[in-house]
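Shown next, in structure tokens, is the structure this report addresses.
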Amino acid sequence: MLKMTLRGILNNKIRFFLTSIAVVLGVTFVVSAFVVTDGLRSTFGDLSSDIYSARDLTVMPDGDKGGVFASEEYLDQIAAIDGVTNVSGQIFANQTIPVDANGDVPDVFGPPVAGINWTGNTELDRFVLLEGEAPASPTDFALDVNTFDEGAYTLGETYSVISEAGGIREFTLTGIFRFGLETDDSIGAKFVAFENETAQSFLGRDGGYDEIAIAVDDAANIDEVQAQVAGLLASTDDVLSGEETVEEFTEGFDSFLGPFRTILLTFAFVILFVSAFLINNTFTIVIGQRIRELGLLRAIGAGGGQVRRSVFTEALIVGLVSTLIGIGLGLLGARALIALLESQGADFPDGPLPLEPRTIVFALLVGVLVTLLSALLPARRAASISPMEALRENSSLDETRTGRRTLIGGLLALVGIGATALGLFGSFDGTAPRLIVLGVGAVVAFIAVAVLSPLAVSPVVRLIGAPIAALGGPAGKMAKSNATRSPQRTAGTAVALTIGLALVTTVTIIGASLKTTVSDALSSSVTADYIVFAGGALPAGVVQSVEALPEIGKVATFGGDRVTINGEEESLDTLDFATIDDLIDADLTEGAWETGGGNMVLYREKADELGLAVGDTVGVETLAGEMLDFSVSGLFDDNTFLGSFNVDTVDYERFARVADFTTLVASGADGTMPEDARAALDSVLEPFPQLTVQDQAEFLDETESQINQLLAIVNVFLGLAVLIALIGIVNTLTLSVFERTRELGLLRAVGMTRRQMRRMVRWESVIVSVFGAVLGVSLGVVFGWAISDAIPDDIVANATFPLTQLAVFILAAVVVGLLAAIMPARRAAKLNILDAISHS
Amino acid sequence: MSDTMTALAARTEGASKIYGTGDTEVRALDDVTVGFNQGAFTAIMGPSGSGKSTLMHTMAGLDPLTKGNTFIGDVELSSLSEKELTLLRREKVGFIFQAFNLIPTLSALENITLPMDLAKGQADDAWVENVIQTVGLGDRKSHRPDELSGGQQQRVAVARALASKPQIIFADEPTGNLDSRTGGEILDFMRSAVRELGQTIVMVTHDAVAASYSDRVVFLADGKIVDEMLDPTADAVFDHIKSLGD
Ligand SMILES: Nc1ncnc2c1ncn2[C@@H]1O[C@H](COP(=O)(O)OP(=O)(O)OP(=O)(O)O)[C@@H](O)[C@H]1O
Ligand SMILES: [Mg+2]
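First to last, the protein sequences are chains X and B.
Going by this note's numbering, the residue at position 560 of the first sequence is 563; the numbering climbs one at a time, nothing skipped.
Going by this note's numbering, the residue at position 202 of the second sequence is 203; the numbering climbs one at a time, nothing skipped.
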């Protein structure tokens, strides 16, 4: 009796554990996502109010960096104002790049690598010298400690530094400093410091500054001071209060954090959604197994309501306990997530990870509510069966009838497909509502899949099971019939994998289609041999040196700035009208690249939209507020490489704040061997490690690897969904083995070996996972195709189906199945035959 | 042939099985030496807890002895590995339990050929067909267990035990869950398997009528063999049980 009681508790423990694990996982991910984003935000908020704590006012010159700079005389005038205690003129020049002893440069595509002026004004600038001397002569420079540590630098040695305005120049490293008074507040930004006047000339600030920080006496009237400062300035310049400065700074961060949070929460949602199926499936099985116990309760006089309540109470306890565990693990998970992202190159400030009340409420809602909802259906069924039915041998929960399932599933599928189609093809005000409609459509569609998939079990498993039954011998045959024993259970177990793989497949197909489109477009539109990209602007002199090479034939440079056309903010690009036609085939179908200035060539679709034809005049308002007229001289059809509005380089200075170039394309001179042209180009660009020369194939490779990187990140997260699917399969198998104890004992008694037993469980697992994968990949193919079709043709032209990869997914499912079976199979094989036979 | 008639299909030598230790020690079998003739139908009787099931389980290699030896034919079981024991059960031993004898996902026919399928061996189709006809399951072959009555299910179990022509069949209260008429049919069938096919069957039963179908009854009490009776009749067995009870 004691043994039985103990065994009962132990069994319940396992059930309890198996049900909890699903909830715990879901909650963990949601909490992690919230905590990470909250943590970053609050750390950043603290950081920015910290950074600007001493600063009461900030003067921001009109326009972004590269526009008009505050001049030296303002500084003196501001310092003279009553109440002003400290003034600092600061330079912050992006893309100022030091080259270390190995010729390596910091990553220029990540956080800013900025040149600054060393003012020694620690109160306002917050640069603290750690070692060596501050830069004092025109040949000195200092580095922030992170850049110093990451590169090969020695104090006192001479290194090249490249700036956008000053080109390349040698400086001697005199000091190492930190941004932040007590701790490092740089969050990934890199700094190169010069003596003030050197900075102004080398960084192209021409005797001025990018912004002016002002500290004001506490006793002074700050509004009055602000008004006086404003009075000194051009009307277009801004004077921001301390709060406004922090706000502006944090806003910039939010715009980066926003999408990040959206992505994290989307993944958390996907994971939760998948977990919900896992929870539901586990509950259905567990309650199904307890049906005798519940029937006995009913037989001794418990009402249906009492049975339902007892099931609900259990669900509530499972939900609560698991949610609490999930919150704890979520906090750990947040750290892991940050570590993962940092290992991928992201750089986050250290700080506490706050557990906001909102996160707890959300976690409880998610954990407890999902659990209760999952228990709803099984509880209702458990309560509705008659005591006699429950006490009968082999009794089980009735599965939902096929007709009803088809009807409900069909309706859901229609709604889901309808909403998805609307999201894809309908017209919306902005991206957000479109994504919401798409999201709802996808969720409903997936629920429809879950409802309908039991109907697919029998035919699909017959198909998958055929080779397994043929190859796997008696164990394979029995595995196949075990998998079809309860279609609802098999489908419920597989649905997590179905959803995970449907999403992975969709993303993979879109990615592959994107790659094909890009490579097709490039090979048809770029005729240039070489492309040179700068992270920011091409350093001074580079263009001229390239043009001067005898091995290089045609060269075109690209630049541009923001302007206003027809009331909309647009990007106006410049390129060399004289040479462009030989380097880029934009499919100019009307007019010509008319040189001489004052002409504009437009992307045809854009021209049509604005009602412009060749010969018309386009009005352009520059950021400086000037009005310029251009005459339309040509229209082109292929915008893979070019923007919508293009003017000749000779017009550049007329509208841009800074007329620098970001991209250069070139082709070899006639009669020059490609190797020679390449070598010449490489030697000219050698002093600038941040510039890379790419030929067409390299450019394509790079573009593809960028797409691949994106896919890899998405796949890592979706891999988590697949992991949950794996746990789900382990769950179901463990419960099934437990449920079939007697039967397994009998099989062993009549001569099934342990090995055959393991094999049987393993094959069943593989059948279930491959079933999920086949369904998931099929759905993904349909989704991927539909979405590829819906994306405008200039981004994705035709859907491409990477068959090898899809086959790999199915194979991966086999592996998932094998892994999931390890523990349950071992359990099944270890059963004591006598215990099993006497088990009831 | 006469040789094999008297040869032993299975036997034990000084078999003891002790569960637990100290205060909780139970001697389920206490120095039992017994043999079962080939081609004989033996019944084992005794009060509940006397060790009948234990005797069968240890003889079939499902449970190791604490002391002593058991043999199937000439093979001594304690020398066999777990895997060899499994193969021995598959090839040489048939089982019929009181209930839950069948695998619910398999049809009647598949249940019957299960041991041969597990061995990936070819079943003797003619023999299997013969067995199925004899137990009267001809029209039920493709039915699942839940589509069969309790009596039919036990018939399938008997057919399975016979189909692989094992050296010995152990049946633990095979008719315990059946009404007397259905039980009688099963017993009839088991007896004819012994008489006509030369099968060896050892059956545990509490029922004097069931025991009367056998050639010999062995009485167990407190893990010891206390008596035996040849060519039993229901009345004689009944009287004997009563006398033992006194
Ligand atoms: N696994 C076990 N652990 C401890 N004691 C056991 C175990 N299996 C059996 N026993 C004990 O061994 C003794 C013999 O049990 P057994 O099952 O062989 O009796 P039985 O004659 O088959 O009884 P019944 O007619 O009720 O089936 C009993 O006292 C029983 O309690
Ligand atoms: Mg018994």
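Glycine is no exception: its CB is placed at the ideal position from the N, C-alpha and C atoms.
Quantities reported herein were computed from a predicted structural model and do not represent experimental measurements.
*Which chain X residues sit within Cβ distance under 8 Å of residue 87 of chain B?*
What you label residue 87 of chain B is simply residue 86 of the second sequence in a count that begins at 1. By Cβ distance, chain X contributes 751, 754, 755, 756 and 757.
*Quick one: which residues of the stretch 465-480 of chain X get their C-beta closer than 9 Å to a C-beta of chain B? List them in chain order.*
476, 477, 478 and 480
_Rounded to whole angstroms, what is the Cα-Cα separation between residue 457 of chain X and residue 782 of chain X?_
For the purposes of this step, residue 457 of chain X is identified with residue 454 of the first sequence, where counting begins at 1. For the purposes of this step, residue 782 of chain X is identified with residue 779 of the first sequence, where counting begins at 1. Rounded to the nearest angstrom, the two C-alpha atoms are 15 Å apart.
_Just to check my reading of the structure: residue 839 of chain X and residue 748 of chain X have Cβ atoms closer than 8 Å, yes? What is that Cβ distance to the nearest angstrom?_
On the first sequence, residue 839 of chain X is found 836 positions in, with the first residue counted as 1. On the first sequence, residue 748 of chain X is found 745 positions in, with the first residue counted as 1. Sure, about 3 Å apart at Cβ, within 8 Å.
*Could you say if the stretch 74-83 of chain B and the stretch 220-238 of chain B meet the contact criterion of at least three C-beta pairs nearer than 8 Å?*
no
*Can you give the beta carbon distance from residue 3 of chain X to residue 603 of chain X, rounded, assuming they're within the 8 Å contact cut?*
For residue 3 of chain X there is no data in the structure shown, the boundaries of chain X being 4 and 843.
*By a C-beta neighbour count over all protein chains shown, 10 Å radius and 16 as the cutoff for buried, is residue 712 of chain X buried or exposed?*
Indexing the first sequence from 1 puts residue 712 of chain X at position 709. Residue 712 of chain X is exposed by the Cβ-count criterion.
*Opposing strand residues paired with residue 101 of chain X [DSSP bridges]*: Start at 1 with the first residue of the first sequence, and residue 101 of chain X comes out as number 98. X:164, per the DSSP bridge assignment.
*Span of the alpha helix (DSSP H) around residue 151 of chain X*: Here residue 151 of chain X is taken as the residue at index 148 of the first sequence, counted from 1. Unbroken alpha helix (DSSP H) run through residue 151 of chain X: 148-153.
*Taking residue 191 of chain X and residue 109 of chain X to be in contact with their CB atoms under 8 Å, please state how far apart those CB atoms are, rounded to whole angstroms.*
Sequence index remark: in the first sequence, residue 191 of chain X carries index 188 (1-based). Sequence index remark: in the first sequence, residue 109 of chain X carries index 106 (1-based). At roughly 10 Å, the Cβ-Cβ gap does not stay under 8 Å, so residue 191 of chain X and residue 109 of chain X are not in contact.
*Cβ-Cβ distance between residue 34 of chain B and residue 15 of chain B below 7 Å*: Start at 1 with the first residue of the second sequence, and residue 34 of chain B comes out as number 33. Start at 1 with the first residue of the second sequence, and residue 15 of chain B comes out as number 14. Contact flag set, yes.
*Note down, in chain order, every chain X residue with its Cβ under 8 Å from the Cβ of residue 90 of chain B.*
Start at 1 with the first residue of the second sequence, and residue 90 of chain B comes out as number 89. Neighbours of residue 90 of chain B on chain X, chain order: 752, 753 and 754.
*How should residue 39 of chain X be labelled, buried or exposed, when 16 other C-beta atoms within 10 angstroms of its C-beta is the threshold for buried?*
Reading the first sequence from its first residue, position 36 is the one you call residue 39 of chain X. That one is buried.
*Residues within the stretch 731-751 of chain X neighbouring chain B, beta-carbon criterion of under 8 Å*: 745, 746, 749, 750 and 751
*Please confirm whether any heavy atom of ligand 2 lies closer than 6 Å to the CB of residue 18 of chain B.*
Residue numbering aside, residue 18 of chain B sits at position 17 when the second sequence is read from its first letter. Checking every heavy atom of ligand 2 against the Cβ of residue 18 of chain B, none is found closer than 6 Å.
*asked:* Let me check you understand the geometry: is the CB of residue 54 of chain B closer than 6 Å to at least one non-hydrogen atom of ligand 2?
replied: What you label residue 54 of chain B is simply residue 53 of the second sequence in a count that begins at 1. Yes; taking the cut-off as 6 Å, the Cβ of residue 54 of chain B has a heavy atom of ligand 2 nearer than that.
_Under 7 Å between C-beta atoms of residue 337 of chain X and residue 356 of chain X_ = The residue you call residue 337 of chain X lines up with position 334 of the first sequence. The residue you call residue 356 of chain X lines up with position 353 of the first sequence. Going by C-beta atoms, residue 337 of chain X is nearer than 7 Å to residue 356 of chain X.
*From this set, B:20, B:32, B:118 and B:59, which residue's C-alpha is nearest residue 227 of chain B's C-alpha?*
Here residue 227 of chain B corresponds to residue number 226 of the second sequence, with the count starting at 1. Out of B:20, B:32, B:118 and B:59, B:32 has the C-alpha closest to the C-alpha of residue 227 of chain B.
*Distance cut-off 6 Å: residue 35 of chain B Cβ against heavy atoms of ligand 1*: Working through the second sequence from its first residue, we reach residue 35 of chain B at position 34. Incorrect: residue 35 of chain B has no Cβ contact closer than 6 Å to ligand 1.
*Nonlocal neighbours in the same chain, by C-beta distance under 7 Å from residue 416 of chain X, ignoring five residues either side*: As a first step, residue 416 of chain X is located in the first sequence; it is residue number 413 there, counting from the start. The answer, listed in chain order, is 448, 451 and 455.
*Closer than 6 Å: is that where the CB of residue 50 of chain B sits relative to any heavy atom of ligand 1?*
Residue 50 of chain B sits at position 49 when you count from the first residue of the second sequence. Correct: residue 50 of chain B has its Cβ closer than 6 Å to ligand 1.
*Do residue 623 of chain X and residue 546 of chain X come within 7 Å of each other at the CB atom, strictly closer than that value?*
Numbered from its first residue, the first sequence carries residue 546 of chain X at position 543. Numbered from its first residue, the first sequence carries residue 623 of chain X at position 620. No, the Cβ-Cβ distance between residue 546 of chain X and residue 623 of chain X is not below 7 Å.
*If contact means a Cβ-Cβ distance below 8 Å, which residues of the stretch 810-839 of chain X contact chain B?*
836 and 837
*Taking only heavy atoms of ligand 1 into account, decide whether any of them is closer than 6 Å to the Cβ of residue 29 of chain B.*
Stepping through the second sequence from its first residue, residue 29 of chain B is reached at position 28. Checking the Cβ of residue 29 of chain B against ligand 1 gives yes.
*Please classify residue 77 of chain X: does DSSP put it in a helix, a strand, or coil?*
Here residue 77 of chain X is taken as the residue at index 74 of the first sequence, counted from 1. Helix.
*Going by DSSP, which residues form a beta bridge with residue 121 of chain X?*
Translated into the one-based positions of the first sequence, residue 121 of chain X becomes position 118. X:198.
*Give a yes or no on whether the C-beta atoms belonging to residue 741 of chain X and residue 464 of chain X are separated by under 7 Å.*
In the first sequence, counting from the first residue as 1, residue 741 of chain X sits at position 738. In the first sequence, counting from the first residue as 1, residue 464 of chain X sits at position 461. Taking 7 Å as the Cβ cut-off, residue 741 of chain X and residue 464 of chain X do not qualify as a contacting pair.
_Contact check, residue 223 of chain B vs residue 54 of chain B, beta carbons under 7 Å_ = Start at 1 with the first residue of the second sequence, and residue 223 of chain B comes out as number 222. Start at 1 with the first residue of the second sequence, and residue 54 of chain B comes out as number 53. Contact flag unset, no.
*First and last residue of the uninterrupted alpha helix (DSSP H) at residue 210 of chain X*: In the first sequence, counting from the first residue as 1, residue 210 of chain X sits at position 207. No alpha helix (DSSP H) holds residue 210 of chain X; DSSP gives it neither H nor E.
*When you compare only the Cα positions, how much space is there between residue 281 of chain X and residue 331 of chain X?*
The residue you call residue 281 of chain X lines up with position 278 of the first sequence. The residue you call residue 331 of chain X lines up with position 328 of the first sequence. Taking the straight line joining both Cα atoms gives about 21 Å.
*Would the beta-carbon of residue 318 of chain X fall within 7 Å of that of residue 33 of chain X?*
Taking the first residue of the first sequence as position 1, residue 318 of chain X is located at position 315. Taking the first residue of the first sequence as position 1, residue 33 of chain X is located at position 30. In this structure, residue 33 of chain X does not lie closer than 7 Å to residue 318 of chain X by Cβ.
_Separation of residue 107 of chain X from residue 642 of chain X, as counted between CA atoms_ = Here residue 642 of chain X refers to the residue found at position 639 of the first sequence. Here residue 107 of chain X refers to the residue found at position 104 of the first sequence. So the alpha carbons of these two residues sit roughly 35 Å apart.
*Taking C-alpha atoms, which residue in X:254, X:560, X:592 and X:215 lies nearest to residue 577 of chain X?*
As a first step, residue 577 of chain X is located in the first sequence; it is residue number 574 there, counting from the start. Of X:254, X:560, X:592 and X:215, the residue nearest in Cα terms is X:560.
*Specify whether the stretch 152-162 of chain B and the stretch 124-138 of chain B touch according to this definition: at least 3 beta carbon pairs, one from each stretch, less than 8 Å apart.*
yes
*chain X contact residues for residue 84 of chain B, given Cβ-Cβ distances below 7 Å*: Residue mapping note: residue 84 of chain B aligns to position 83 of the second sequence, counting from 1. Result: 756.
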